[in-house]
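Visitor:
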Amino acid sequence: MNIFRFAGDMTHLISILVLLLKIYATKSCSGISRKTQELYALVFLARYVDIFTEFISVYNTIMKIVFIASTLAIVWCMRGHRVVRRSYDKELDTFRHYFLIAASLVLALLVHEKFTFQEILWAFSIYLEAVAILPQLVLLQRSGNVDNLTGQYVFFLGAYRGLYILNWIYRYFTEPHFSRWIACVSGLVQTALYADFFYYYFLSWKNNAKLKLPA
Amino acid sequence: PPKGSIHDEL
């Protein structure tokens, strides 16, 4: 494992912790898209079906469990917690996320490395992860105002994607036979989706102003 | 997974 991959995993973990902290500390999930969270839960469940059949390292197994458990906890809070549920911006979170699931599934059936159950689920999870942030970005765009922790959450998620790209570049040059274009192309698409957000994030940071997205 | 495989990532 290289430093980029590890740093990427850590920023991914931090983003989830920031989100849990926001929900726990403010008892509110305003500004957070439940659809994005449900898509991530689906992404992790589909990708980590190998958790019992394939052992890579203790680190990998623990991280898989943490990602599945924390994302399910967030979804549970947003759906089941009496107080948190009331703050959900239901009328702003209207992205048709079922289209994303259907499109990812069709693409996975057409473009995969091997026609096996696990490989197709794996490709599906990669495609779905690439677009899972869309409902969240649309929600932020609609509400205009982004509170601090929500901004940090999206920032760390974007940082995770950027670091994974550096990780692939590093692996491409250091490991023989490392070329997995399904993940790399999807990863590039996913990172590009953050470009706009990052632009405004750095603008607000530079001007020491509250993060605002243009309508 | 075989060496050089992306499946060892999260």
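Listed in order, the protein sequences are those of chains D and H. In terms of this note's numbering, the first sequence is residues 4 to 218. In terms of this note's numbering, the second sequence is residues 409 to 418. Glycine included, each C-beta is placed from N, C-alpha and C at the ideal position. Remember, predicted model here, so these are calculated numbers, not experimental data.
What in chain H is Cβ-close to residue 164 of chain D, meaning under 9 Å?
Guide: To locate residue 164 of chain D, count along the first sequence from 1; it is residue 161. In chain order: nothing, as chain H lies at least about 12 Å away.
Visitor: Figure out for me which residue from D/129, D/128, D/4 has the closest Cα to the Cα of residue 59 of chain D.
Guide: Walking along the first sequence from the start, residue 59 of chain D turns up at place 56. With distances taken between Cα atoms, residue 59 of chain D lies closest to D/4.
Visitor: If residue 30 of chain D and residue 87 of chain D are in contact, beta carbons under 8 Å, what's the gap, nearest whole angstrom?
Guide: Translated into the one-based positions of the first sequence, residue 30 of chain D becomes position 27. Translated into the one-based positions of the first sequence, residue 87 of chain D becomes position 84. With a Cβ gap of about 6 Å, residue 30 of chain D and residue 87 of chain D count as contacting.
Visitor: In its own chain, which residues sit with a C-beta less than 7 Å from the C-beta of residue 192 of chain D, not counting the 5 before and 5 after it?
Guide: Within the first sequence, the letter at position 189 stands for residue 192 of chain D. Correct list, in chain order: 133.
Visitor: Going by the CB atoms, is the gap between residue 160 of chain D and residue 95 of chain D shorter than 8 Å?
Guide: In the first sequence, the residue the question calls residue 95 of chain D occupies position 92. In the first sequence, the residue the question calls residue 160 of chain D occupies position 157. Not in contact: residue 95 of chain D and residue 160 of chain D (Cβ atoms no closer than 8 Å).
Visitor: What's the gap between the Cα of residue 198 of chain D and the Cα of residue 62 of chain D?
Guide: Within the first sequence, residue 198 of chain D is the residue found at index 195, counting from 1. Within the first sequence, residue 62 of chain D is the residue found at index 59, counting from 1. Rounded to the nearest angstrom, the two C-alpha atoms are 30 Å apart.
Visitor: For residue 78 of chain D and residue 139 of chain D, which I take to be in contact (beta-carbon distance under 8 Å), what is that distance rounded to the nearest angstrom?
Guide: Reading the first sequence from its first residue, position 75 is the one you call residue 78 of chain D. Reading the first sequence from its first residue, position 136 is the one you call residue 139 of chain D. Residue 78 of chain D to residue 139 of chain D, Cβ: 13 Å. No contact.
Visitor: Nearest to residue 112 of chain D by alpha carbon, out of D/57, D/203, D/123?
Guide: In the first sequence, counting from the first residue as 1, residue 112 of chain D sits at position 109. The shortest Cα separation from residue 112 of chain D among D/57, D/203, D/123 belongs to D/123.
Visitor: Just grab the DSSP bridge partners of residue 215 of chain D for me.
Guide: On the first sequence, residue 215 of chain D is found 212 positions in, with the first residue counted as 1. Per DSSP, D/148.
Visitor: Looking at residue 145 of chain D and residue 91 of chain D, is the spacing between their C-beta atoms short of 8 Å?
Guide: Looking up residue 91 of chain D in the first sequence gives position 88. Looking up residue 145 of chain D in the first sequence gives position 142. Not closer than 8 Å, so no.
Visitor: At a cut-off of 7 Å, is residue 13 of chain D close to the ligand SAH when judged by its beta-carbon and the heavy atoms of the ligand?
Guide: The model depicted lacks the ligand SAH and carries no ligand whatsoever.
Visitor: Rounded to whole angstroms, what is the Cα-Cα separation between residue 8 of chain D and residue 418 of chain H?
Guide: Taking the first residue of the first sequence as position 1, residue 8 of chain D is located at position 5. Taking the first residue of the second sequence as position 1, residue 418 of chain H is located at position 10. Between residue 8 of chain D and residue 418 of chain H, the C-alpha separation is close to 9 Å.
Visitor: Which value, in whole angstroms, describes the spacing of the CA atoms of residue 71 of chain D and residue 207 of chain D?
Guide: Sequence index remark: in the first sequence, residue 71 of chain D carries index 68 (1-based). Sequence index remark: in the first sequence, residue 207 of chain D carries index 204 (1-based). Approximately 32 Å between the Cα atoms of the pair.
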